[in-house]
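Single-structure report; data block below.
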Amino acid sequence: MKVLLSIKPEFVKEIVEGRKKFEYRKNIFKRDDVSSIVVYATKPYGKVVGEFEIDSIIQNKPSELWKETKAYSGITRTFFNEYFKGRDTAFAIQIKEFIAYDEPLELQEFDEKIKVAPQSFCYVR
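When we follow our numbering, the leftmost residue of the sequence shown carries the number 172, and every step to the right adds one.
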């Protein structure tokens, strides 16, 4: 099962360039058969740009998760702390290998059933 994930363009760039090997989330998928992520770079870019297999999903307290993943976070500690402020649990999706599409796709080109970008994620194929 694949999931379409909305990610800010600046973080997509960090993923593409190999500096970001963890995608952080406040919540994670309910299904346990999700094995890959399709990446939608949010506006102003607004395209489906590629995908990656999930290496692992780490769940921990935010402070412990940061210690474990900071070397390849692709974000600042300040951003991380602000994102998880007030949370007891944090998730990091470990990126196995990002594969960029030859041509980025509009959402409707990727899946005609998707009319608007998901706020966080949606299940696909």
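Glycine is no exception: its CB is placed at the ideal position from the N, C-alpha and C atoms.
Around the beta carbon of Pro215, fewer than 16 other beta carbons lie within 10 angstroms, which makes this residue exposed.
Of the candidates Ala242, Lys284, Ser244, Phe251, the residue whose Cα lies closest to the Cα of Pro233 is Phe251. Taking Ala263 as the centre and dropping the five residues before and after it, the same chain places the C-beta of Phe193, Tyr195, Ile229, Leu236, Thr240 closer than 6 Å to its C-beta, in chain order.
Spatial neighbours of Thr213 in its own chain (CB-CB distance under 8 Å, excluding positions within 5 residues in sequence) are listed in chain order as Ser177, Ile178, Lys179, Pro180, Ala288. Counting only runs of at least 3 residues, the stretch 186-219 fully encloses the following beta strand (DSSP E) elements, listed from N- to C-terminal order: 193-196, 207-212. The beta carbon of Glu185 sits closer than 8 Å to those of Lys191, Gly245, Ile246, all from its chain and outside the five residues before and after it, given in chain order.
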